[in-house]
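Visitor: Be aware that the sequence shown starts at 728, since it is given in our numbering, and climbs by one per residue. Positions of the beta carbon are idealized from the N, C-alpha and C atoms, including for glycine.
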Amino acid sequence: MNKSALQIARAAYQPKLPQALKGAVAITEGEATQSVADQEEIKKLFPNTYGMPVVKFVAASKAETLPAMNVGVILSGGQAPGGHNVISGIFDGLKALNKDCKLYGFLGGPSGLIDHKYMELTADIIDEYRNTGGFDIIGSGRTKLEKQDQFDSGIEICNKLGIKALIIIGGDDSNTNACVLAEYYLQKKCGIQVIGCPKTIDGDLKNSMIETSFGFDTACKVYSEVIGNIMRDANSAKKYWHFIKLMGRSASHIALECGLQTQPNVCIVSEEVEAKKMTLSQIVNDIADKVAARAAQGNNFGVVLIPEGLIEFIPEMKVLISELNDALAKESDVAKALKMISAQSLSVYNSLPEAIAKQLTLERDPHGNVQVSLIETEKLLIEMVKTRLAAMKAEGKYCGKFSALGHFFGYEGRCAAPSNFDADYCYSLGYNAAHLIANGKSGYMSLIQNTTKPASEWVAAGVPITMMMNMERRHGEMKPVIRKALVELDGAPFKALAANRDKWAIETAYVYPGPIQYFGPSEVCDQPTKTLMLEKA
Ligand code: FBP
728 MNKSALQIAR AAYQPKLPQA LKGAVAITEG EATQSVADQE EIKKLFPNTY GMPVVKFVAA
788 SKAETLPAMN VGVILSGGQA PGGHNVISGI FDGLKALNKD CKLYGFLGGP SGLIDHKYME
848 LTADIIDEYR NTGGFDIIGS GRTKLEKQDQ FDSGIEICNK LGIKALIIIG GDDSNTNACV
908 LAEYYLQKKC GIQVIGCPKT IDGDLKNSMI ETSFGFDTAC KVYSEVIGNI MRDANSAKKY
968 WHFIKLMGRS ASHIALECGL QTQPNVCIVS EEVEAKKMTL SQIVNDIADK VAARAAQGNN
1028 FGVVLIPEGL IEFIPEMKVL ISELNDALAK ESDVAKALKM ISAQSLSVYN SLPEAIAKQL
1088 TLERDPHGNV QVSLIETEKL LIEMVKTRLA AMKAEGKYCG KFSALGHFFG YEGRCAAPSN
1148 FDADYCYSLG YNAAHLIANG KSGYMSLIQN TTKPASEWVA AGVPITMMMN MERRHGEMKP
1208 VIRKALVELD GAPFKALAAN RDKWAIETAY VYPGPIQYFG PSEVCDQPTK TLMLEKA
């Protein structure tokens, strides 16, 4: 395989570990825990994994011993930079405990466990993937691990391969399912531990325990670099408005972080749109007013950031999408499904540009959700702002020229080579997971805290997954799930945006972050996201 000079140099990078994991390690256990809400229901559903303590690892004088054991790893859901480092961390952590441990990777996501598709991850293979982006070492998938026959199929292959622990690297749903699996395996007394790892570029798997999900740092830095490049272009040519949609299925953390890094003219935050019950027209009018205000100063250019999930947070669109979800679940013929929705939703549907309306009826994902990454919200807003500006012009309220271009940044950042932060964080998460296994833990998520400090001061720990759960309605049924973290409007990152955005709207206050740097001064190479810094300040 041909490699670039950077790839070769990067392969030699040794990710940093928390001090506690560098030598012999001892475990300390805290108090019994409880779930964030709905304690009684969750306790009943998880009798074996509820109430376990948070654990921490500290440096010890005598090394733990681990009998040689085999471990399986699964990558679940969308790619996120650093997944390969989680796996190399697990590998190195296990080998440091006992060189005869073996690591198996299940192929193509959770379906690899169910369908018994796997490979042994040897040192040669691991070395090819250190500090690289992507999930291609074993592949990922979105099959949900939730049914008993799937769990039993997992037992079968684990017994065949002598696997005593599984590590599931995924988002909120995958980690919820990891806990259900851990509980089932404990009930069955089959001797297979299950550990989770917090992954997703969306940044919405975080709480009082998890400081950030891995991949968010790198993905936001890649998008911010490109947004900065576009801003320079806009400020040079002075003739285009760029409407940039940014990934993030539901929460707006990515748009907010990129907004803080680059200071655009407009940065929409879906959670604010929902809280203020803003209609699509209000959003459009707001953007058009800013375009007009800049035009009045002779600036017919600008940059608008749009979170991918926006469409589902606009009240009238949310109702339309939910009615369409139900109708399309029963009737795949779109024309017939449209007859099943309310008159009000039908009128919203008919008011949309044809192409966008059609995108709302495209195939749902395995969870029954509309695939927001396929909806061209940026084009929808461009069209509607154009129409609004024409009306304003006719009323004498706008005197500029509006020429707009749409972009979507998502897949460009999900497999980027991990930043130093993600390379270190992911490696530590994996290495730490090996210690959770060595200490017999199951139903825990690997946890690395104190991440705004240098890596040597990071805290290595484990949190019982049940502690992060509450009951939520999913597909008409109450289910125990890890709470998804949306942008908090009273949180420091949003407040920082809100305090500055009026100035950024009118002035050209762009910041150009430039590409991720791997070598050089620490303030250039090792800075975490602004979101994390503001949250931990
Ligand atoms: P995860 O939550 O599984 O990490 O995936 C996040 C994400 O990248 C979203 O930002 C995006 O909406 C979605 O995946 C795209 O899904 P797909 O990879 O199936 O196109």
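Residue ranges of each alpha helix (DSSP H) run of no fewer than 4 residues wholly in the segment 882 to 937, ordered along the chain?
Guide: You should have 899 to 914.
Visitor: Can you pull the DSSP bridge partners for A753?
Guide: Position 26 of the sequence shown, counted from the start, is the residue given in the question as residue 753. Paired residues: V785.
Visitor: Report the option in K783, A736, S901 and K1230 whose CA atom is closest to the CA atom of V752.
Guide: Within the sequence shown, the letter at position 25 stands for residue 752. Nearest C-alpha to V752: K783.
Visitor: Could you check the C-alpha separation between V1061 and T1088 for me, to the nearest Å?
Guide: Residue 1061 sits at position 334 when you count from the first residue of the sequence shown. Residue 1088 sits at position 361 when you count from the first residue of the sequence shown. Approximately 7 Å between the Cα atoms of the pair.
Visitor: Quick one: measure Cβ to Cβ for I922 and L1163, integer angstroms, because I've assumed they're closer than 8 Å.
Guide: Residue numbering aside, residue 922 sits at position 195 when the sequence shown is read from its first letter. Residue numbering aside, residue 1163 sits at position 436 when the sequence shown is read from its first letter. Indeed, because the Cβ distance is near 5 Å, the residues count as touching under 8 Å.
Visitor: Work out the CA separation of Q1244 and F1136 for me, nearest whole Å.
Guide: Residue mapping note: residue 1136 aligns to position 409 of the sequence shown, counting from 1. Residue mapping note: residue 1244 aligns to position 517 of the sequence shown, counting from 1. Between F1136 and Q1244, the C-alpha separation is close to 20 Å.
Visitor: Evaluate contact between the segment 1131 to 1149 and the segment 796 to 812, counting only Cβ atoms and requiring at least three cross-stretch pairs below 8 Å.
Guide: Result yes; three or more Cβ-Cβ pairs closer than 8 Å.
Visitor: Which of helix, strand or coil does DSSP assign to V1238?
Guide: Numbered from 1 along the sequence shown, position 511 holds the residue referred to as residue 1238. Coil.
Visitor: Check whether the Cβ of V1099 lies closer than 8 Å to any heavy atom of the ligand FBP, and answer yes or no.
Guide: By 1-based counting over the sequence shown, the position of residue 1099 is 372. Yes; taking the cut-off as 8 Å, the Cβ of V1099 has a heavy atom of the ligand FBP nearer than that.
Visitor: Quick check: does the Cβ of G805 come within less than 8 Å of any heavy atom belonging to the ligand FBP?
Guide: For this step, residue 805 is matched to residue 78 along the sequence shown. Flag set: Cβ of G805 near the ligand FBP.
Visitor: Let me know the secondary structure DSSP gives V800 once reduced to three states.
Guide: Indexing the sequence shown from 1 puts residue 800 at position 73. In the structure shown, V800 sits in a strand (DSSP, three-state: E or B).
Visitor: Nearest CA to the CA of L1224: which residue from L1032, K1168, E1090 and G868?
Guide: Residue mapping note: residue 1224 aligns to position 497 of the sequence shown, counting from 1. Among L1032, K1168, E1090 and G868, the Cα nearest to that of L1224 belongs to L1032.
Visitor: Measure from the alpha carbon of L1107 to the alpha carbon of each residue in V785, A1002 and I971, then state which is nearest.
Guide: Taking the first residue of the sequence shown as 1, we reach residue 1107 at position 380. It is I971.
Visitor: Please return the same chain residues whose Cβ sits closer than 6 Å to the Cβ of M1044, not counting the five positions on each side in sequence.
Guide: Sequence index remark: in the sequence shown, residue 1044 carries index 317 (1-based). The answer, listed in chain order, is I1038.
Visitor: By Cβ distance, which residues of its chain are closer than 6 Å to A1020, with the 5 residues on each side in sequence left out?
Guide: As a position in the sequence shown, residue 1020 is number 293, starting the count at 1. These residues qualify, in order along the chain: I1233.
Visitor: Specify, as a first and last residue, the run of the beta strand (DSSP E) that R1200 falls within.
Guide: Your numbering for residue 1200 matches position 473 in the sequence shown. It spans M1196 to R1201 - the beta strand (DSSP E) in which R1200 sits, taken as one unbroken run.
Visitor: Hey, E768 and M1195: beta-carbon distance below 9 Å or not?
Guide: Locating residue 768 in the sequence shown gives position 41, where the first residue counts as 1. Locating residue 1195 in the sequence shown gives position 468, where the first residue counts as 1. Their beta carbons are not under 9 Å apart, which means E768 does not touch M1195 by this criterion.
Visitor: For the segment 809 to 825 against the segment 855 to 873, are there 3 or more C-beta pairs whose distance is under 8 Å?
Guide: With the cut-off at 8 Å, the segment 809 to 825 and the segment 855 to 873 touch.
Visitor: Within this structure, are the beta carbons of T1104 and I1083 separated by less than 9 Å?
Guide: Residue 1104 sits at position 377 when you count from the first residue of the sequence shown. Residue 1083 sits at position 356 when you count from the first residue of the sequence shown. Going by C-beta atoms, T1104 is nearer than 9 Å to I1083.
Visitor: Can you tell which of K1206, G1247, R1228 and D1149 has the C-alpha that lies nearest to the C-alpha of T939?
Guide: Here residue 939 corresponds to residue number 212 of the sequence shown, with the count starting at 1. Ranking K1206, G1247, R1228 and D1149 by Cα distance to T939 puts D1149 first.
Visitor: By the 10 Å Cβ neighbour count, where 16 or more other Cβ atoms means buried, how is T1178 classified, buried or exposed?
Guide: Taking the first residue of the sequence shown as 1, we reach residue 1178 at position 451. Result: buried.
Visitor: Report all residues from its chain with a CB closer than 8 Å to the CB of N962; omit the five preceding and five following residues, and keep chain order.
Guide: Translated into the one-based positions of the sequence shown, residue 962 becomes position 235. Here the set comprises F1028, T1235 and Y1237.
Visitor: In the DSSP output, what is V1011 paired with across the bridge?
Guide: Within the sequence shown, numbered from 1, the residue matching residue 1011 stands at position 284. Its beta-bridge partners do not exist; DSSP assigns none.
Visitor: In the DSSP assignment, find the unbroken beta strand (DSSP E) run with V1190 in it and report its ends.
Guide: Numbered from its first residue, the sequence shown carries residue 1190 at position 463. Start and end: V1186 to P1191.
Visitor: Across the segment 910 to 927 and the segment 886 to 901, are there enough close Cβ pairs to call them in contact, namely three or more that are closer than 8 Å?
Guide: Flag = yes, the segment 910 to 927 and the segment 886 to 901 touch.
Visitor: Based on Cα-Cα distance, which residue from G1036, G836 and K771 lies nearest to S979?
Guide: Residue 979 sits at position 252 when you count from the first residue of the sequence shown. Taking only the C-alpha atoms, the option nearest S979 is G1036.
Visitor: Given this structure, state the Cα-to-Cα distance separating A905 from K965, to the nearest angstrom.
Guide: As a first step, residue 905 is located in the sequence shown; it is residue number 178 there, counting from the start. As a first step, residue 965 is located in the sequence shown; it is residue number 238 there, counting from the start. The straight-line gap from Cα to Cα measures roughly 51 Å.
Visitor: Roughly how many whole angstroms lie between the Cα atoms of S1183 and K1017?
Guide: As a first step, residue 1183 must be located in the sequence shown, where it is residue number 456. As a first step, residue 1017 must be located in the sequence shown, where it is residue number 290. If I take the Cα positions, the gap works out to 46 Å.
Visitor: What span of residues does the alpha helix (DSSP H) with A1161 cover, start to end?
Guide: The sequence position of residue 1161 within the sequence shown is 434, counting from 1. Start and end: N1147 to A1165.
Visitor: Hey, quick one: how far does the beta strand (DSSP E) through E847 stretch, first residue to last?
Guide: Here residue 847 is taken as the residue at index 120 of the sequence shown, counted from 1. Here the beta strand (DSSP E) through E847 covers Y845 to E847.
Visitor: Note down, in chain order, each residue of its chain lying with its Cβ closer than 6 Å to the Cβ of Y856, except the 5 sequence neighbours on either side.
Guide: Taking the first residue of the sequence shown as position 1, residue 856 is located at position 129. Within the same chain, Y856 has close Cβ partners H811 and I864.
Visitor: Quick one: give me the first and last residue of the beta strand (DSSP E) that K972 is part of.
Guide: Position 245 of the sequence shown, counting from 1, holds the residue named residue 972. That run of the beta strand (DSSP E) goes W968 to L973.
Visitor: Kindly provide the ranges of any beta strand (DSSP E) runs that are 3 or more residues long and lie completely inside the segment 1076 to 1146, ordered along the chain.
Guide: Counting whole runs of 3 or more residues, the segment 1076 to 1146 contains the beta strand (DSSP E) stretches 1131 to 1136.
Visitor: Just to check my reading of the structure: I814 and L1174 have Cβ atoms closer than 8 Å, yes? What is that Cβ distance to the nearest angstrom?
Guide: Position 87 of the sequence shown, counting from 1, holds the residue named residue 814. Position 447 of the sequence shown, counting from 1, holds the residue named residue 1174. 18 Å between Cβ atoms; not a contact.
Visitor: Does the beta-carbon of M974, which I'm using as the reference point, lie nearer than 8 Å to any heavy atom of the ligand FBP?
Guide: Looking up residue 974 in the sequence shown gives position 247. Yes, since a heavy atom of the ligand FBP falls inside the 8 Å radius drawn around the Cβ of M974.
Visitor: Using a 10 Å radius around the Cβ and a threshold of 16 neighbouring Cβ atoms, would you call D854 buried or exposed?
Guide: Start at 1 with the first residue of the sequence shown, and residue 854 comes out as number 127. Looking at its Cβ environment, which holds fewer than 16 other Cβ atoms inside 10 Å, D854 is exposed.
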